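In the working numbering, the protein residues as written are -12 to 371.
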């Protein structure tokens, strides 16, 4: 019977291991004995992403016209550059298991991280991976649906994919969320959860790889290994730590303002490296320098003295603003902390009108440092 529609009920999103061209299975025995064909000794390295709210994917193929004198219409339209495959998705924060599965460096526990959150991307060990969108048969929740027959499961794969942007935001009255944008080189449409090849390709000739993958048979509704039963983090458990902006030119007193929302984001702009003889980009390294931005909206209470011109005289002061989200069941447990180190004040924007509280938008900016730089960039710790 043909399907009438597809809704969120039947879909789930997964991230594979890095590199995208590598094996998608490991062994519990860590290579010491054991039969890799024995399900008891094989671990699936494809992980389900939790609390996904949106997922959008597309591809675009650019073509170049071949024209000649004597003929008005092009005699052909040839593909000279590799296709652009895009995936965007967002999810509610319930911890940091998604960030770990996406390749970010996250320190477990309450202790502040001293390692850049994108160190794995800088080293190239966590950068490229495959993504999968599973669709169960109509009327079934993907959670708990363990029918593995190909007719009841469709999988869209995004191959050779790199994260191009990341953002997290939270506001009064809303769950804290995160959004991801991904750029890939290939897209596949397959049936069944196993027995299919990964969507990654050989970038030299564009041919598919002969590596198999298997999606977990049962979609989970809690983060595996999270050690908690938290459904979602709450805005009432979010605190922002920002030093009073005195050396930064004066203005709002950040210690007393009523914070309404935050937005932390950065773009991993990439320039494809191509070469003769290759049909696809050989790789897509990150363009540097790379900056991280933190924007905070708040209701103004008190002001502090200062002078903008002082920035031109002494701009040596650096801020370390951070966003901390505690557990809703244990106020001592840090579920997620995003710390911006070596930051500078970019702007203060005030707004006031009849009938509304006076507001301010503060923007901080920090530049990503190298893997050994513990004083600049974005650092993440929490539970996963």
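Positions of the beta carbon are idealized from the N, C-alpha and C atoms, including for glycine.
Just so we're clear, the structure is a prediction, and the values are computed from it rather than from any experiment.
Quiz prompt | Through-space distance from residue 113 to residue 89, alpha-carbon basis | solution = Position 102 of the chain shown, counting from 1, holds the residue named residue 89. Position 126 of the chain shown, counting from 1, holds the residue named residue 113. Whole-angstrom Cα-Cα distance: 8 angstroms.
Quiz item: Using 8 angstroms as the Cβ pair cut-off and three pairs as the minimum, do the stretch 215 to 228 and the stretch 159 to 168 touch?
Solution: Taking 8 angstroms as the limit for Cβ pairs, the verdict is that the stretch 159 to 168 does touch the stretch 215 to 228.
Quiz item: In chain order, what residues of the same chain have a beta carbon less than 8 angstroms from the beta carbon of residue 329, not counting five sequence neighbours either side?
Solution: Against the chain shown, residue 329 aligns to sequence position 342. Within the same chain, residue 329 has close Cβ partners 305, 307, 353, 354, 356, 362, 363, 364.
Quiz prompt | Member of 172, 180, 176 whose CA lies at the smallest distance from the CA of residue 193 | solution = On the chain shown, residue 193 is found 206 positions in, with the first residue counted as 1. Per the Cα distances, 172.
Quiz prompt | Rounded C-alpha distance that separates residue 177 from residue 35 | solution = Here residue 177 refers to the residue found at position 190 when the chain shown is read from its first residue. Here residue 35 refers to the residue found at position 48 when the chain shown is read from its first residue. Cα to Cα, the separation comes out at about 18 angstroms.
Quiz item: When you compare each of 253, 44, 344 to residue 121 by their alpha carbons, which one comes out closest?
Solution: Translated into positions along the chain shown, residue 121 becomes position 134. Selection 253, 44, 344 evaluated against residue 121 yields 44 as nearest (Cα-Cα).
Practice problem: Have a look at residue 233 and residue 52 and give me their C-alpha separation to the nearest angstrom. | Solution: Translated into positions along the chain shown, residue 233 becomes position 246. Translated into positions along the chain shown, residue 52 becomes position 65. Its pLDDT being 44, under 50, residue 233 is placed unreliably in this model, and the value from its coordinates should be taken loosely. One C-alpha to the other measures close to 59 angstroms.
Quiz prompt | beta strand (DSSP E) segments (min. 3 residues) lying fully within the stretch 239 to 287 | solution = The stretch 239 to 287 contains, as complete beta strand (DSSP E) runs of 3+ residues, the segments 245 to 254, 278 to 286 (chain order).
Quiz item: Within this structure, are the beta carbons of residue 103 and residue 325 separated by less than 8 angstroms?
Solution: As a working note, residue 103 is residue 116 in the chain shown. As a working note, residue 325 is residue 338 in the chain shown. Not a contact, by the Cβ cut-off of 8 angstroms.
Quiz prompt | Every unbroken beta strand (DSSP E) inside the stretch 304 to 333 [3 residues or more] | solution = Fully enclosed beta strand (DSSP E) runs of no fewer than 3 residues occupy 309 to 313, 321 to 328 of the stretch 304 to 333, in order along the chain.
Quiz item: How about residue 150 and residue 255: are their beta carbons less than 8 angstroms apart?
Solution: Here residue 150 is taken as the residue at index 163 of the chain shown, counted from 1. Here residue 255 is taken as the residue at index 268 of the chain shown, counted from 1. Yes, they are a contact pair.
Quiz item: Assuming residue 65 and residue 50 make a contact with CB atoms under 8 angstroms, what is their CB distance in whole Å?
Solution: Position 78 of the chain shown, counting from 1, holds the residue named residue 65. Position 63 of the chain shown, counting from 1, holds the residue named residue 50. That pair is a contact at about 6 angstroms.
Quiz prompt | Inter-residue spacing [alpha-carbon to alpha-carbon] between residue 225 and residue 309 | solution = If you number the chain shown from 1, residue 225 lands on position 238. If you number the chain shown from 1, residue 309 lands on position 322. Pairing residue 225 with residue 309, the inter-Cα distance amounts to about 10 angstroms.
Quiz item: So what does DSSP say about residue 359, is it helix, strand or coil?
Solution: The residue given as residue 359 occupies position 372 in the chain shown. Look at residue 359 here: in three-state DSSP terms it is coil, with no helix or strand label.
Quiz item: Would you say residue 1 and residue 38 are within 8 angstroms of each other, going by their C-beta atoms?
Solution: Within the chain shown, residue 1 is the residue found at index 14, counting from 1. Within the chain shown, residue 38 is the residue found at index 51, counting from 1. No.
Quiz item: To the nearest whole angstrom, what separates the beta carbons of residue 136 and residue 204, a pair I think is in contact under 8 angstroms?
Solution: By one-based count along the chain shown, residue 136 stands at place 149. By one-based count along the chain shown, residue 204 stands at place 217. So it is not a contact: roughly 12 angstroms between Cβ atoms.
Exercise. For residue 159, count neighbouring Cβ atoms within 10 angstroms of its own Cβ and tell me buried if that reaches 16, exposed if not.
Key: Mapped onto the chain shown, residue 159 falls at position 172. Exposed: under 16 other Cβ atoms inside 10 Å.
Exercise. Find the nearest neighbour of residue 327 within the set 85, -7, 99, 59, judged by alpha-carbon distance.
Key: Sequence index remark: in the chain shown, residue 327 carries index 340 (1-based). Closest in C-alpha terms to residue 327, from the list 85, -7, 99, 59, comes 99.
Quiz item: To which residues of the same chain is residue 127 closer than 7 angstroms at the C-beta, ignoring the five residues directly before and after it?
Solution: Mapped onto the chain shown, residue 127 falls at position 140. So the list reads -3, once near-sequence residues are dropped.
Practice problem: Specify the secondary structure class of residue 125 as computed by DSSP and reduced to three states. | Solution: Against the chain shown, residue 125 aligns to sequence position 138. Here residue 125 carries a coil assignment [DSSP, helix/strand/coil].
Quiz item: Under a Cβ-count criterion, where at least 16 other Cβ atoms within 10 Å of its own Cβ denotes burial, should residue 185 be classed as buried or exposed?
Solution: Locating residue 185 in the chain shown gives position 198, counting from the first residue. Looking at its Cβ environment, which holds 16 or more other Cβ atoms inside 10 Å, residue 185 is buried.
Self-check item: CA nearest to the CA of residue 278, picked from 251, -5, 288
Solution: As a position in the chain shown, residue 278 is number 291, starting the count at 1. Checking every option, the nearest Cα to that of residue 278 belongs to 251.
Self-check item: Exposure of residue 296, with buried meaning 16 or more beta-carbon neighbours within 10 Å
Solution: Position 309 of the chain shown holds residue 296. Reliability fails at residue 296, whose pLDDT of 48 lies under 50, so the model's placement of it is uncertain and no value is given.
Quiz prompt | CA nearest to the CA of residue 323, picked from 48, 97, 55 | solution = Position 336 of the chain shown, counted from the first residue, corresponds to residue 323. For residue 323, the nearest C-alpha among the options comes from 97.
Quiz item: Roughly how many whole angstroms lie between the Cα atoms of residue 32 and residue 117?
Solution: Indexing the chain shown from 1 puts residue 32 at position 45. Indexing the chain shown from 1 puts residue 117 at position 130. It is roughly 11 angstroms from the alpha-carbon of residue 32 to the alpha-carbon of residue 117.
Quiz item: Start and end of the alpha helix (DSSP H) containing residue 63?
Solution: Position 76 of the chain shown, counted from the first residue, corresponds to residue 63. Where residue 63 is concerned, there is no enclosing alpha helix (DSSP H), although the beta strand (DSSP E) it sits in stretches over 58 to 65.
Quiz item: With DSSP run on the structure shown, which of helix, strand or coil describes residue 371?
Solution: The residue given as residue 371 occupies position 384 in the chain shown. Collapsing the DSSP output to three states places residue 371 in coil.
Quiz item: Since residue 283 and residue 202 are thought to touch, with beta carbons under 8 angstroms apart, how far apart are those beta carbons, to the nearest angstrom?
Solution: Position 296 of the chain shown, counted from the start, is the residue given in the question as residue 283. Position 215 of the chain shown, counted from the start, is the residue given in the question as residue 202. Cβ-Cβ separation between residue 283 and residue 202: approximately 39 angstroms, too far for a contact (criterion under 8 angstroms).
Quiz item: Once you ignore the five residues that flank residue 83 on each side, which residues in its own chain have a CB closer than 7 angstroms to its CB?
Solution: Numbered from its first residue, the chain shown carries residue 83 at position 96. Answer for residue 83: 93, 323, 367, 369, 370, 371, listed in chain order.
Self-check item: Cβ separation of residue 5 and residue 266, assumed to be a contact under 8 angstroms, to the nearest whole Å
Solution: By one-based count along the chain shown, residue 5 stands at place 18. By one-based count along the chain shown, residue 266 stands at place 279. Between residue 5 and residue 266, the beta carbon gap of about 22 angstroms keeps them out of contact (Cβ cut-off 8 angstroms).
Self-check item: CB of residue 228 within 8 angstroms of CB of residue 155, strictly
Solution: Numbered from 1 along the chain shown, position 241 holds the residue referred to as residue 228. Numbered from 1 along the chain shown, position 168 holds the residue referred to as residue 155. Taking the C-beta atoms as reference points, residue 155 is found no nearer than 8 angstroms to residue 228.
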